[in-house]
Amino acid sequence: MSRTTFAERFRARAGETPIAYLTWWRMMLAAERLQHSDDTIARIAGSLGYESEPAFSTASKRIMGTPPRRYAASVRQDRPAENIGGMHPDTR
397 MSRTTFAERF RARAGETPIA YLTWWRMMLA AERLQHSDDT IARIAGSLGY ESEPAFSTAS
457 KRIMGTPPRR YAASVRQDRP AENIGGMHPD TR
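In my numbering, the protein residues as written are 397 to 488.
As structure tokens, this is what we get:
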């Protein structure tokens, strides 16, 4: 199947282009890791296929509406203190 045919079929089913979906999916994975891990922004960016932290930050601002550092700070601020680090309080 050609790239064009694939992209057309994907868009017909998913309602968006494959690259838009991939970018959204990467940001959902990043959001999860920013909230539940202590990994650095650079490590998260690299693990999701971004060449640099600035490229990751640009995508985050476009998709999430905020840079990754600001997002991480806001979700960590909202978590209860006993659950920081992603560990369930009952598993300690």
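We treat Cβ as the ideally placed atom computed from N, Cα and C, and that holds for glycine.
Measure the C-alpha to C-alpha separation of residue i and residue j and round it to an integer number of angstroms.
i: Ile480; j: Ala408; result: Annotation note: pLDDT 40 at Ile480 (below 50); position unreliable, no value reported.
i: Ala366; j: Arg465; result: What is shown of the chain runs 397 to 488, which leaves residue 366 out entirely.
i: Gly445; j: Glu412; result: 20 Å
i: Ala441; j: Ser433; result: 13 Å
i: Thr400; j: Trp421; result: 21 Å
i: Met460; j: Met397; result: 33 Å
Would DSSP call residue i helix, strand or coil?
i: Tyr446; result: coil
i: Ser398; result: coil
i: Ser456; result: helix
i: Thr413; result: coil
i: Asn479; result: Model confidence at Asn479 stands at a pLDDT of 42, short of 50, so the residue's coordinates are unreliable; what they give is reported in the following sentence. The answer is helix: DSSP assigns Asn479 an H, G or I state.
i: Arg472; result: helix
Are the CB atoms of residue j and residue i within a distance shorter than 8 Å?
i: Lys457; j: Pro463; result: yes
Using 8 Å for Cβ pairs, my map puts residue i next to residue j. What's the rounded Cβ distance?
i: Ala427; j: Tyr417; result: Ala427 to Tyr417, Cβ: 16 Å. No contact.
i: Met423; j: Ala455; result: 7 Å
i: Ala468; j: Leu430; result: 4 Å
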